[in-house]
Every structure is written in structure tokens, then in C-alpha cells.
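S.K.: Questions regarding the structure given below will be posed in turn.
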């Protein structure tokens with residue numbers, strides 16, 4: 016039965032996430048925006064709380080929530096960990112997206128491990144904070160062109176290469192590194208490896224200074240003859256040309272809705288703050304009087320809120336499909352594309368509507384407008400999502416629709 | 023005919039000696055008849071036919087004669103569809119009934135509406151057999167509770183949205199024609215008292231469903247449904263209505279109207295008006311799109327209606343709900359039309375070759391396809407959310423407004439992109455995309471007409 020409301024059983028989780036965001040993220044938002052590269056110690060308490068939530072089986076509070084349940088009754092509709100996780104993420108990012116990205120043990124690497132690790136690996140890496148390293152100086156969206164190599168040598172793989180834009184790379188306990196087993200064999204040869212911090216040859220080059228999400232550290236690594244145990248390769252070690260990229264790409268089906276949720280959270284924050292400022296200025300949003308006689312500011316606000324609504328619902332749809340074991344690559348990309356571009360547009364327009372109040376550091380609107388932009392870039396840019404959606408709808412390969 | 027002062031053509035007419043719509047039609051006929059170009063291009067017959075079709079209702083001096091709506095068995099109190107507590111689960115799966123209804127209607131839309139849409143668009147009329155078939159499908163019955171002879175078992179905004187979406191997948195103009203009567207029956211179900219329900223609803227659940235129309239729009243710029251110029255004054259034993267209503271579907275055939283008017287001292291309200299009422303007249307108002315729905319202007323000059331004509335006791339809440347549910351219905355229609363655009367352009371851009379390969383191999387084309395799909399899915403989800411809330415008895419003003427905004431803005435963009443993707447082919451009538459372009463412009467303009 017069609018119903019697009021948040022189920023009551025997830026109400027507690029949403030409320031907890033909202034309160035954490037309001038009490039811990041918001042008061043520290045500006046502080047860590049200004050003190051870039053300083054570790055937000057306030058997060059340790061919250062991280063412990065989330066670990067507790069995850070251990071309790073309530074799920075949905077962190078990156079591990081994206082693991083797909085293989086069991087369960089397929090005919091019965093479920094609202095599971097994926098939906099809970101995007102809902103929690105929306106609320107946390109309503110608080111501060113940079114701080115959420117800095118949450119210990121909630122890295123995208125954790126989502127990758129949750130998505131593709133086997134049970135042994137899942138157990139071995141439990142409790143570890145894992146970052147994700149895909150991008151290289153000469154390869155961004157074109158992840159099939161990865162140059163970092165992994166060569167099997169006895170019981171270890173030996174990794175060589177360079178990785179940039181690794182979110183939480185400095186603070187994390189481990190980094191999930193994408194590398195190729197054989198550059199001549201293309202996508203199928205790309206595998207992901209868990210590299211623990213302190214492994215010899217795994218060297219931090221520097222941290223980036225950024226437009227936004229400054230609370231989150233972004234690292235640049237060099238890998239020189241880094242030896243990792245064979246058992247640290249996530250997924251299938253064989254080069255299966257037919258399955259191609261599928262293994263590592265599966266991560267994206269789960270992480271893209273999460274990034275979409277981040278964007279939805281930032282957009283929600285900007286809209287709420289703008290509505291508050293407009294209300295102070297004597298402008299109330301009347302949802303019935305939306306025609307050409309509505310004030311321009313009301314009309315603009317409604318258009319932004321409508322984009323928010325679409326992004327929010329697309330994100331929930333992608334997560335709902337994951338919970339119900341339905342292939343969701345298309346919906347995950349749609350959600351990411353819509354949420355990424357809408358959050359950026361919404362945050363920027365809200366700054367404009369609020370005038371100097373929005374542009375100055377007196378409010379967080381300008382910060383959200385800076386933070387939002389990354390959400391239309393990482394985990395696949397807007398254009399990559401459009402390519403994925405278009406290829407799927409048109410039935411085109413990546414060789415045909417480039 | 024008293025031309026409304028807000029009518030942009032009124033000044034033009036006055037300068038030429040107070041010519042009204044009928045006079046203008048005659049003048050146009052006269053000029054066309056003398057044009058040698060018509061003969062040379064072999065256009066004389068089609069033009070004569072088109073002029074005839076577009077203006078024939080302009081020659082009518084009164085609305086359709088209409089049947090006499092005699093009160094049948096009257097219930098003690100009006101029957102209202104119950105709202106249903108939704109399952110407490112986020113779910114995008116339609117019920118088995120909804121799936122079946124949608125499939126049946128979609129088949130009718132694809133096989134019959136789409137096939138005959140171009141002709142109906144040109145003729146400004148919907149063929150009677152299509153209307154009969156759509157009535158056979160039980161579209162009107164859906165919203166009428168069982169105790170009133172329908173098949174409804176509760177509020178069914180979402181099911182009605184699925185029906186509207188499926189019909190519009192065939193053709194928007196024909197969909198509006200097929201749904202126009204059920205807007206009136208739905209209004210009677212939701213807000214009619216026991217007498218009104220007993221008088222009118224039996225006809226709507228019978229074999230010969232009357233043409234009927236929900237008339238809210240008025241012909242002026244910056245129209246706001248909450249500031250009406252059509253007025254209802256209290257008179258002896260009822261109300262007296264004056265004003266002009268615009269884009270009234272199947273206006274010339276309609277036997278029953280629900281008309282929005284400013285009730286003196288109370289605000290906007292809905293009145294049931296039978297087409298036989300004195301002072302009612304209809305003038306054809308063919309528009310950019312929705313032409314198959316046979317749009318007309320309804321003019322009310324001192325039209326007397328009884329006390330019982332007022333729906334929902336004239337409460338503001340009733341009227342506001344009507345505006346919202348109507349906008350919601352337009353969202354369903356926009357979603358169906360936009361889906362038709364997407365389904366049409368995909369094979370076209372894959373087949374069309376330029377510079378040695380299908381045009382779909384270019385990002386400039388492919389990204390438009392992606393964006394159509396992304397925005398369409400957002401429109402659909404927002405529309406379903408609003409409808410599900412209405413069915414569950416939850417507040418839905420915000421959700422309708424947001425869904426409507428998406429459907430207006432993105433729907434029109436999709437209509438425009440649909441033509442653009444076909445290039446010159448999109449601009450000619452060999453392909454339906456130019457019609458969808460014209461039709462989709464209506465979503466941001468229409469108020470009333472359809473209702474869920």
C-alpha cells in the first residue's frame with residue numbers, strides 16, 4: 016500500500032539523530048569550520064553513543080547500516096537499516112555535514128566494508144574507522160583508469176600509487192584503497208583493499224584546505240610498496256571480466272543514497288533557517304496561495320522546497336529499494352543527482368534571500384552553501400550520475416555513451 | 023454577451039463596433055472564405071471544418087438542455103467515504119486492486135486514447151464512444167461510495183491519481199474529458215448534502231453518465247481561486263450567481279456544473295448549477311491545448327439556484343480542500359503526460375542518426391533524457407505522497423503545493439525538452455510531442471476541472 020511517510024518505529028531514531036545534531040553538531044559548527052584540520056573532540060561521546068545504538072541492533076545510525084540483509088521474507092515489504100540510515104543521516108546533516116563526515120567509525124570506507132566484505136572481514140574490521148581512497152591525481156570520475164597497482168607476492172598484496180581526497184584519511188584507523196591487479200584488464204581488475212594505518216610505506220603527504228566541510232579532514236596519501244595481507248582484499252579476488260566493475264561499484268548503490276541524504280539534510284537546514292528569517296520579516300508561506308499573486312520570495316521559496324521534497328523522496332525510494340533487495344543503481348544515481356544539485360541551488364538561493372545576513376558569518380547559511388557543493392561532486396559528480404541514468408534508460412554501454 | 027473587462031480581447035472588439043465572440047467568428051469565416059490561398063493549397067475543406075468545430079458551440083445561446091435530476095432514494099444523512107489509516111510502513115507498492123485498475127486504464131489509454139488523440143485535438147471534441155468506454159471502465163464509480171451505487175469503499179485519492187496518470191499517458195486532453203464528470207460526482211460525494219447526493223449521484227453511477235464540469239477558473243490575468251469575481255448573492259429561496267468561468271470542460275454538453283463563486287460575506291464557495299438554469303450560456307473557448315476536452319466559457323447572468331445548491335455549507339474549508347484536491351489531480355495528469363514524453367523520446371533519440379551515430383550518444387541529448395527521468399520520478403513521488411496523505415486523513419496542503427509546483431515547473435520543462443529532442447520533427451503534428459508541449463502548459467494555469 017503506497018505510503019511515503021516515515022514509519023512510527025523509526026521515529027525514535029530520527030528524533031535522537033535530530034537531538035544529537037541540535038545539541039552537539041550545531042553548537043560546534045562554526046568552530047570547526049574555522050579551525051580546519053582540528054579534530055572535533057566533542058564527537059567522541061556521540062560516536063560511542065552510535066556504536067551503542069548499532070550494537071543494540073537498532074541500526075540506522077551509521078555507515079554500517081547499508082549492509083544488505085540477505086535473509087528474510089522477500090515477499091514482505093520491509094523498512095530496514097537502509098531507510099533508517101538515510102533518515103538518521105538527513106537529521107545529522109541538518110546539524111552539520113562536515114561533522115557527520117568526521118564521525119569516528121562512520122566513514123565511507125565503513126559503508127564499503129558493510130557492503131562487500133565477507134563475514135570474516137566484517138568481524139575482523141569491526142570497530143575500525145575506515146576511510147575510502149578512490150581518487151588519484153590523474154583520475155577522478157574515471158575510476159576505471161586507476162593507476163595504483165596491487166601485486167600478489169606470497170601471502171600479501173603489494174600496493175603502489177598515490178591517492179587524494181581521502182575523507183577522514185588522517186583520522187581513520189584504516190583506508191579502503193582501490194587498486195588494479197592488472198592495468199591491461201580494465202575495470203574488472205580493480206579491487207578494494209583495507210590498508211591499516213601505520214602500515215610501512217603508507218605515507219600521509221598533506222591535508223587539503225577546502226571550500227567547505229572544513230571540519231572533515233581530506234588527506235593525500237602515497238603508497239610505496241605497502242604490504243597488506245591477502246585477506247584484506249574485499250570481495251572476489253578473481254578478475255571476472257563479465258562481472259567487471261560490479262563488485263566495487265556495488266558499494267555506490269549503497270553509499271550514493273547516503274550522500275543524497277547528506278544533501279537533503281543540508282537543504283533542510285537552509286530552508287528551515289530561511290523560513291525563520293522570512294517569518295521575522297513578516298513573510299509566511301501559505302501553501303494554498305501559490306499562484307502568480309504570491310510574493311516573489313514565497314514563489315522562490317516554494318520552488319526550492321519543492322526541489323527539496325523531490326530529493327528527499329527520491330532518497331527514501333533508493334533506500335527503500337535496498338531494504339527490499341531490489342536493484343537500485345538507477346534510483347541511487349537519480350537520488351544523488353537530484354539531491355546534489357538541489358542542495359547546492361537551495362543553499363545558494365537561501366543565502367541570496369537572506370541577504371547580508373545569509374552571506375556573513377553571523378548565520379550558518381553561507382557555510383551550508385559552501386558545504387553543499389561537495390555533495391554534488393563526491394561519490395560521483397552530477398555529470399557521472401546523469402551518465403549512469405542516461406545509459407540505463409537508453410540501453411547504452413559506456414563505450415557508446417561516453 | 024457582456025465581455026468581461028478583464029478580457030484582453032474586449033478592447034479590440036469594442037474598437038470594431040462591439041463585436042462579440044460570435045461576431046468575431048463570423049468575421050473570421052468571412053475573411054477565410056475569400057482567401058484564394060486556401061484553394062491553392064487545397065486547404066478549403068479542412069479549414070471550413072476546423073472553423074466549424076472550433077466555433078460551433080459559439081452559436082449556442084444556452085447551455086445543454088440537460089436531463090431533469092429527480093431525487094431518488096434519499097439517505098438519512100449524506101454518505102462520505104472514510105479515510106483509511108495507512109499501514110505504518112514506507113511503501114511504494116500499489117495494492118493489487120490499484121495495480122489492476124491502473125493496468126486496465128493504461129491499456130485503454132494506449133490502444134484507444136493515443137490512437138485518436140490527434141483527431142480529437144483537431145476537432146476540439148472527444149468522440150462519444152471513447153467517453154462511453156471510459157464510463158464502462160467505471161472511472162466515475164470509483165469515487166462514489168457503495169451505498170450511493172458506486173464501487174468506492176473509502177477515500178481513493180491515490181487510486182484516482184493512478185487512473186489520471188494512466189489516462190494522461192494516452193492523451194491529456196482526452197483524459198480531462200473522461201475525468202470531467204467524476205470531478206462533479208466526487209465533489210457531491212465529498213461535500214453534497216443528502217438531498218444533493220440523492221438528486222444527482224444516481225445519474226453518475228448509471229449507464230448514461232452526464233457530462234458535468236467543475237468550474238473555478240475565471241478569464242483574467244493573475245487569477246487566484248481565493249479571490250473570485252463570480253459572485254453569489256442571497257435571493258429569495260436561494261442564491262443568484264453572476265460571473266464568467268473559463269476553460270470549462272465539455273461546456274456545451276455539460277448537464278451539471280459545480281461553480282465556484284464568492285458568497286457574499288462568506289468567501290469563496292461551491293454551487294451546484296443545472297445546465298437548464300435560466301441565464302446560463304456557453305461560448306466555445308478553444309485553447310492552446312486540452313482541445314479534446316471541448317473547453318468553453320460559462321457565463322452566468324442572474325442565475326437562480328436553490329439554497330440546497332450550496333455545497334459543504336459554504337465553508338472555507340470545503341472550498342480550500344476542493345482547490346487542493348483539484349491541483350493534486352492535475353499533478354497526476356502531468357505525471358502521466360511527462361511519462362508519455364519520456365517513453366516517446368527514448369526510441370527516437372536512439373534511432374535518429376546524426377554525424378554518423380545515434381544522437382543519444384551525445385551528452386547534450388543523453389543528459390536531457392536523464393533529467394527528464396529524474397524530475398519525473400520526483401513529480402510522481404511527491405504526487406503519491408500528497409494523495410496518500412489525503413486518503414489517510416492527514417494534512418496535505420504542503421504536500422499538494424510542493425507536488426503541484428514540481429508538476430508545473432518540471433512538467434512544462436519536460437514538454438519543452440520533448441519537442442527539442444525531436445528537433446524539427448518535434449514541431450510538426452506527425453509526432454505527438456507538440457501536443458504534449460501545448461497540453462503541459464495547462465498544468466500551471468488550470469484550477470478545478472478535475473478532482474480526486
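Residue numbers (the working numbering), protein chains in the order written: chain P, 16 to 417; chain G, 23 to 474.
Glycine residues also receive a C-beta, built at the ideal position from the N, C-alpha and C atoms.
Quick caveat, the model's predicted, so the values are computed rather than measured.
Does any C-beta atom of chain P lie closer than 9 Å to the C-beta of residue 382 of chain G?
M.R.: Answer yes: the Cβ-Cβ gap between residue 382 of chain G and chain P drops below 9 Å somewhere.
S.K.: Name the DSSP beta bridge partners of residue 147 of chain P, please?
M.R.: Per DSSP, P:191.
S.K.: Which residues in chain G have a C-beta closer than 9 Å to the C-beta of residue 324 of chain P? List them in chain order.
M.R.: The answer, in chain order, is 400, 403, 404, 407, 420, 421, 424, 425, 427 and 428.
S.K.: Can you confirm whether residue 103 of chain G, when its beta carbon is compared against all beta carbons of chain P, has any partner nearer than 9 Å?
M.R.: Chain P contact via Cβ: absent.
S.K.: Quick check on this structure: which residue in G:150, G:379, G:97 and G:178 has the alpha carbon closest to the alpha carbon of residue 107 of chain G?
M.R.: It is G:178 whose Cα lies nearest to the Cα of residue 107 of chain G.
S.K.: Residues of the stretch 184-198 of chain G with a CB closer than 8 Å to any CB of chain P: list them in chain order, please.
M.R.: Per Cβ criterion, the list is empty.
S.K.: With a threshold of 8 Å, are at least 3 pairs of Cβ atoms found where one atom belongs to the stretch 217-233 of chain G and the other to the stretch 133-152 of chain G?
M.R.: The stretch 217-233 of chain G is not in contact with the stretch 133-152 of chain G.
S.K.: Applying the criterion that 16 or more other CB atoms from any shown protein chain within 10 Å of the CB defines a buried residue, is residue 479 of chain G buried or exposed?
M.R.: Because chain G is modelled from 23 through 474, residue 479 of chain G falls outside the range shown and cannot be assessed.
S.K.: Starting from residue 256 of chain G, trace the alpha helix (DSSP H) both ways and give me its first and last residue.
M.R.: Careful: residue 256 of chain G lies outside any alpha helix (DSSP H), inside the beta strand (DSSP E) at 253-257.
S.K.: Return the first residue and the last residue of the beta strand (DSSP E) that residue 436 of chain P is part of.
M.R.: Shown here, chain P extends from 16 to 417; a query on residue 436 of chain P therefore has no answer.
S.K.: Find the residues of chain G that neighbour residue 283 of chain P, judging by a C-beta separation of less than 7 Å, and give them in chain order.
M.R.: Residues of chain G passing the Cβ test: none, with the nearest at roughly 13 Å.
S.K.: Evaluate the contact criterion for the stretch 403-412 of chain P versus the stretch 358-368 of chain P: three or more CB pairs, one atom per stretch, below 8 Å.
M.R.: The stretch 403-412 of chain P, when compared against the stretch 358-368 of chain P, does not touch it at the 8 Å Cβ threshold.
S.K.: For residue 310 of chain G, count neighbouring Cβ atoms within 10 angstroms of its own Cβ and tell me buried if that reaches 16, exposed if not.
M.R.: Residue 310 of chain G should be labelled exposed.
S.K.: Look at the alpha carbon of residue 420 of chain G and the alpha carbon of residue 64 of chain P, and state the distance between them as a whole number of angstroms.
M.R.: When rounded, the distance between both Cα atoms is 35 Å.
S.K.: Which residue from G:201, G:205 and G:443 puts its Cα closest to that of residue 155 of chain G?
M.R.: Selected option, being the one with the closest Cα: G:201.
S.K.: Classify residue 209 of chain P: buried if its beta carbon has 16 or more other beta carbons within 10 angstroms, exposed otherwise.
M.R.: Residue 209 of chain P comes out buried.
S.K.: So with Cβ pairs under 9 Å, would you call residue 303 of chain P a contact of chain G?
M.R.: For residue 303 of chain P, the answer is yes, since a Cβ of chain G falls inside 9 Å of its Cβ.
S.K.: Which residues in the same chain as residue 114 of chain G place their Cβ atom closer than 6 Å to its Cβ, once the five residues preceding and following it in sequence are excluded?
M.R.: Excluding positions up to five away in sequence, the list is empty.
S.K.: Among G:336, G:258 and G:274, which has the Cα closest to the Cα of residue 294 of chain G?
M.R.: With distances taken between Cα atoms, residue 294 of chain G lies closest to G:336.
S.K.: In terms of alpha-carbon separation, which member of P:404, P:107, P:26 and P:168 lies closest to residue 36 of chain P?
M.R.: Answer by Cα proximity: P:107.
S.K.: Just curious, the alpha helix (DSSP H) that residue 235 of chain P is in, first and last residue?
M.R.: That residue, residue 235 of chain P, is in no alpha helix (DSSP H); its beta strand (DSSP E) goes 233-244.
S.K.: Is the Cβ of residue 488 of chain G closer than 9 Å to any Cβ of chain P?
M.R.: Lying before the first or after the last residue shown, residue 488 of chain G is absent from chain G, which here runs from 23 to 474.
S.K.: Chain G partners of residue 328 of chain P, CB-CB under 8 Å?
M.R.: Chain G residues near residue 328 of chain P: 400, 403, 404 and 407.
S.K.: Does residue 65 of chain P get closer than 9 Å to chain G when you measure Cβ to Cβ?
M.R.: By this cut-off, residue 65 of chain P is not an interface position.
S.K.: Based on DSSP bridge pairs, tell me the residues matched to residue 198 of chain G.
M.R.: According to DSSP, residue 198 of chain G bridges with nothing at all.
S.K.: Would you identify the three-state DSSP class for residue 154 of chain P, choosing helix, strand or coil?
M.R.: DSSP places residue 154 of chain P in strand when its eight states are reduced to three.
S.K.: Roughly how many angstroms separate the alpha carbons of residue 317 of chain G and residue 311 of chain P, rounded to a whole number?
M.R.: If you take the alpha carbons of residue 317 of chain G and residue 311 of chain P, they lie about 31 Å apart.
S.K.: Against chain P, with Cβ distances strictly below 9 Å, would residue 442 of chain G count as a contact?
M.R.: Taking Cβ atoms only, chain P never reaches closer than 9 Å to residue 442 of chain G, which makes this a no.
S.K.: Buried or exposed: where does residue 402 of chain G fall if 16 or more other Cβ atoms within 10 Å of its Cβ makes it buried?
M.R.: Looking at its Cβ environment, which holds 16 or more other Cβ atoms inside 10 Å, residue 402 of chain G is buried.
S.K.: Which complete beta strand (DSSP E) runs does the stretch 210-294 of chain G hold, if anything under 3 residues is left out?
M.R.: As far as the stretch 210-294 of chain G is concerned, its whole beta strand (DSSP E) runs of at least 3 residues are 234-237, 253-257, 260-270 and 278-285.
S.K.: With 8 Å as the C-beta to C-beta threshold (strictly closer), list the residues of the stretch 288-321 of chain P near chain G in chain order.
M.R.: Hits within the stretch, in order: 302, 303, 304, 305, 306, 307, 308, 317, 318, 320 and 321.
S.K.: Tell me the start and end of each unbroken alpha helix (DSSP H) in the stretch 23-59 of chain P that is at least 4 residues and wholly inside, in chain order.
M.R.: List check, alpha helix (DSSP H) in window: 26-35 and 41-49.
S.K.: Output needed for residue 237 of chain P: all residues of its chain with C-beta closer than 6 Å, excluding positions within five of it in sequence on either side, in chain order.
M.R.: Answer for residue 237 of chain P: 177, 218 and 220, listed in chain order.
S.K.: In the DSSP assignment, what residue or residues form a beta bridge with residue 380 of chain G?
M.R.: G:375.
S.K.: In angstroms, rounded to a whole number, what distance separates the CA positions of residue 396 of chain P and residue 126 of chain P?
M.R.: Whole-angstrom Cα-Cα distance: 19 Å.
S.K.: Say whether chain P places a C-beta atom closer than 9 Å to the C-beta of residue 451 of chain G.
M.R.: No, its Cβ sits nowhere closer than 9 Å to a Cβ of chain P.
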